[in-house]
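Visitor: Quick note on this note's numbering: the sequence shown kicks off at 35 and runs consecutively. For glycine and all other residues, C-beta sits at the position ideal for the given N, C-alpha and C. Sharing a structure here in C-alpha cells format.
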Amino acid sequence: MGTKILHILKTVPDETTRRLVSALSEPYGEDATVIQLDDSTDYDKLIELVFSHDKVISWW
Numbered sequence: 035m036g037t038k039i040l041h042i043l044k045t046v047p048d049e050t051t052r053r054l055v056s057a058l059s060e061p062y063g064e065d066a067t068v069i070q071l072d073d074s075t076d077y078d079k080l081i082e083l084v085f086s087h088d089k090v091i092s093w094w
C-alpha cells in the first residue's frame, strides 16, 4: 500500500483550488481522498480518515 493523502475542503473550491487538489492528488491515484465539509459531516469519521492517511491538507 502506498502513501495516502486526504484533502479536507472547508468551502466549495474555486477553479484554482480544484486544479491544485487534482494536481496534488494525481501521484496518489486511488490513495487520494477529498472530503467537502458541510452540515452533515460526520466528524468521528473525519477523525478516522485523518489518522488513516499519511498526509492531510486542509483547504479554506
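1) Measure the C-alpha to C-alpha separation of Leu-80 and Pro-61 and round it to an integer number of angstroms.
2) Does DSSP classify Val-55 as helix, strand or coil?
3) Please classify Val-66 as buried or exposed, where buried requires at least 16 neighbouring CB atoms within 10 angstroms.
4) With DSSP as the reference, label Lys-79 as helix, strand or coil.
5) Just the Cα atoms here: how many angstroms apart are Asp-78 and Ile-91?
Guide: Looking at the coordinates:
1) Cα to Cα, the separation comes out at about 22 Å.
2) Three-state result, Val-55: helix.
3) The sequence given here has Ala at residue 66, not Val. Buried, since its Cβ has 16 or more Cβ neighbours within 10 Å.
4) For Lys-79, the secondary structure class from DSSP, reduced to helix, strand or coil, is helix.
5) The alpha-carbon separation between Asp-78 and Ile-91 amounts to approximately 18 Å.
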